[in-house]
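Here's the structure we're looking at; comments come further down.
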Amino acid sequence: MIFATLKQNNIIKHTISQLKNIFTRPRLLIISLCLISLSWICAPAALAGINDDRYDGNVYVVYAGNGSLVPPPLDLAASRDREMPVILVYYIDDSSDCKKFSIVVSRMQKFYGRAASIIPVTVDSIPLKANYSPEELGYYYHGVVPETVILDEEGQVVFDGQGQIPYEEVDDALREVFDLLPRSESVELKRRSFNEFNFELVN
């Protein structure tokens, strides 16, 4: 036991003396500092960035600050069973366009999340097939991300926006689905009154 302790002490003393030699010699110190500096300068950036196509995590959690969108509370079949309008948003996590658009999707949820089923769909989860049925998520996808597809209560496509579309375009389509006043008449989400609707039909 005493022999093992002496051996450990000798190893520690030897290591300390080696370190003293490295740092007392100016050339070795300068070379060491240069190598450390170069490793910091040449190292790739590891910070998340909304303007790059690197994977930083799920876009809704990282950039929209909204982890409640993934996984969605209801899938397509359950939403159809409840006869709810559906908002399908196709995305990939390593796309700067999808990262930016996630904020728009979060805004959709804020205004329509209780009345419509919002289903973010990562494109990588769609199985590769020649043909899809209307009950499958691949049926509505057209090979572009982000892509936003709105289905009404009957499952009919009423909107298909590809790329980074403004929130207002989606809002206009959803106002039609829910029979709300157009944004030009009311920024708030208000239903058309029965008399206003009849007046429009007469004129």
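Under our numbering, the first residue of the sequence shown carries the number -9, and numbering increases by one thereafter. Where is the CB? At the ideal position from N, CA and C, for every residue including glycine.
Have a look at the DSSP bridge pairing and note the partners of residue i.
i, result
"Y80", "V111 and E137"
"D42", "Paired residue(s): none; D42 is not in a bridge."
In angstroms, rounded to a whole number, what distance separates the CA positions of residue i and residue j?
i, j, result
"E190", "L171", "With a pLDDT of 44 at E190, under the threshold of 50, the modelled position of this residue cannot be trusted; read the value that follows with caution. The alpha-carbon atoms of E190 and L171 are separated by roughly 12 Å."
"G153", "V79", "11 Å"
"N123", "V51", "Residue 123 is actually Ser in this sequence, not Asn. One C-alpha to the other measures close to 30 Å."
"I26", "I82", "36 Å"
"F187", "I155", "Confidence at F187 is low in this model, with a pLDDT of 43, below 50, so the placement of that residue should be treated as unreliable; the coordinate-derived value is given next. In a straight line, the C-alpha of F187 is about 29 Å away from that of I155."
"P117", "R70", "21 Å"
"N56", "S107", "15 Å"
"V73", "E125", "Looking at the sequence itself, residue 73 is Glu, so the reference to Val does not match. E73 and E125: Cα-Cα distance of roughly 14 Å."
"S176", "K119", "44 Å"
"R104", "R173", "20 Å"
"R97", "D162", "14 Å"
"E144", "P61", "23 Å"
"G47", "H4", "46 Å"
"Q99", "N121", "30 Å"
"L66", "Q146", "13 Å"
"S115", "I20", "52 Å"
"A68", "G151", "23 Å"
"I40", "N0", "53 Å"
Write down the C-beta distance between residue i and residue j rounded to the nearest angstrom, noting that I regard them as a contact closer than 8 Å.
i, j, result
"K89", "Y53", "5 Å"
"E166", "V148", "7 Å"
"P136", "L59", "P136 to L59, Cβ: 13 Å. No contact."
"Y131", "V160", "So it is not a contact: roughly 17 Å between Cβ atoms."
"D43", "S86", "5 Å"
Kindly indicate the opening and closing residues of the alpha helix (DSSP H) around residue i.
i, result
"Q99", "S86 to Y102"
"Y50", "V49 to V52"
Let's see if you can read the secondary structure: which residues bound the beta strand (DSSP E) around residue i?
i, result
"D65", "Taken as a continuous stretch (DSSP letters only), D65 belongs to no beta strand (DSSP E), as it is neither H nor E."
"D152", "The question names Asp, but residue 152 in the sequence shown is Gln. Where Q152 is concerned, the enclosing beta strand (DSSP E) stretches over V147 to Q152."
Is it the case that the Cβ atoms of residue i and residue j are separated by a distance below 7 Å?
i, j, result
"E76", "L127", "The question names Glu, yet the displayed sequence has Val at residue 76. It is not a contact, given that the beta carbons lie outside the stated cut-off."
"Y157", "V94", "yes"
"V49", "S92", "yes"
"L164", "Y102", "yes"
Given the structure, does residue i come close to the ligand COA, in the sense that its CB is under 6 Å from one of the ligand's heavy atoms?
i, result
"V51", "Among the components modelled here there is no ligand, and therefore nothing to report on the ligand COA."
If you measure from the beta carbon of residue i to each beta carbon in chain C, is any gap under 7 Å?
i, result
"D150", "Annotation note: the requested chain C is absent from the structure, which comprises a single protein chain."
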